[in-house]
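A short worksheet on the structure shown next.
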Amino acid sequence: MMLSSPATSSRVYALLKDDILRGRFAPRTTLIERSLADDYGTSVTPIRNAASQLVGERLLSLHAGGGYEIPNVGVAELRDLYFWHGQLVRSALNPKRIDAKSAVQMAIDPLPELTTPASLAAATARLFSAIAAVSPSGELACAVASAGERLSVARLREPAVLNGVADELRAVQALTVEGRWPDLVRSIWAYHRRRLRRVIEIAAAVGSPHCDDLSY
Numbered sequence: 001m002m003l004s005s006p007a008t009s010s011r012v013y014a015l016l017k018d019d020i021l022r023g024r025f026a027p028r029t030t031l032i033e034r035s036l037a038d039d040y041g042t043s044v045t046p047i048r049n050a051a052s053q054l055v056g057e058r059l060l061s062l063h064a065g066g067g068y069e070i071p072n073v074g075v076a077e078l079r080d081l082y083f084w085h086g087q088l089v090r091s092a093l094n095p096k097r098i099d100a101k102s103a104v105q106m107a108i109d110p111l112p113e114l115t116t117p118a119s120l121a122a123a124t125a126r127l128f129s130a131i132a133a134v135s136p137s138g139e140l141a142c143a144v145a146s147a148g149e150r151l152s153v154a155r156l157r158e159p160a161v162l163n164g165v166a167d168e169l170r171a172v173q174a175l176t177v178e179g180r181w182p183d184l185v186r187s188i189w190a191y192h193r194r195r196l197r198r199v200i201e202i203a204a205a206v207g208s209p210h211c212d213d214l215s216y
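In the UniProt record's numbering, the protein residues as written are 1 to 216.
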């Protein structure tokens, strides 16, 4: 088997991961390694190496017949992910830590223009990662980032289901900077609860095979 250079492996990994996060592939799509190799201007070996790494990150799954596929994003999977992400973020906001609020304030950057689903998804990931980064637990911050990546395709579809997503995100951001700590915790719970209530529709918008009757 031909070995790929570290530079090629890193480039292909970044390209494949970006394609997954931006929703290029529908759930349960089997990756065609030769086609991806042509797209990325490389051989099949770096594709397989990158895919194996992304299986470890749970952004890809092993296909029963061999190869790799995009994980399913059905109602059950999405409900679990939203709930888990919410639990993780709230765990990072430990009210017993006196310095936590000021640390969150320092970590938050102003939100950019939120005019597209992609900009909303990217801003959401940055905001929650910044909040989680103030936790003394590096594992917790990594877990928030990982769960956020697995929610990326859902976040891209949320504006098709939920009204005022940009305003909602700005409200959470404002509370991290100027609001009272209990209000921030409640707003983050409300953010996740709203999505849990509409999870069937969001899963349908993503294109889950379990929700064909609600697909857009």
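We treat Cβ as the ideally placed atom computed from N, Cα and C, and that holds for glycine.
In the DSSP assignment, G65 falls outside any alpha helix (DSSP H) and carries neither an H nor an E. Going by beta carbons, A130 and T176 fall inside the 9 angstroms limit. Per the C-alpha coordinates, the member of T115, G138, V206 and L16 positioned closest to N49 is L16.
Under the DSSP definition of a beta bridge, T30 partners with E69. With fewer than 16 other beta carbons inside 10 angstroms of its own, G164 counts as exposed.
DSSP, reduced to helix, strand and coil, places S135 outside both helices and strands of the structure shown, so it counts as coil.
Distances from the alpha-carbon of G67 to those of D80, I47 and E158 put I47 closest.
Here L169 is near L127, since their CB atoms are less than 9 angstroms apart. In this structure, the alpha-carbon of R22 lies about 6 angstroms from that of V153.
Here the alpha carbons of T42 and S10 stand approximately 12 angstroms from one another. Residue burial annotation: S135 is buried, with at least 16 other C-beta atoms found within 10 angstroms of its C-beta.
When rounded, the separation of the alpha-carbon atoms in L184 and F83 is 17 angstroms.
Scanning its chain for C-beta atoms nearer than 7 angstroms, with the 5 sequence neighbours on each side dropped, one finds around L78 the residues A154, V199, I202 and A203, in chain order. The Cβ atoms of L93 and I188 lie closer than 9 angstroms to each other.
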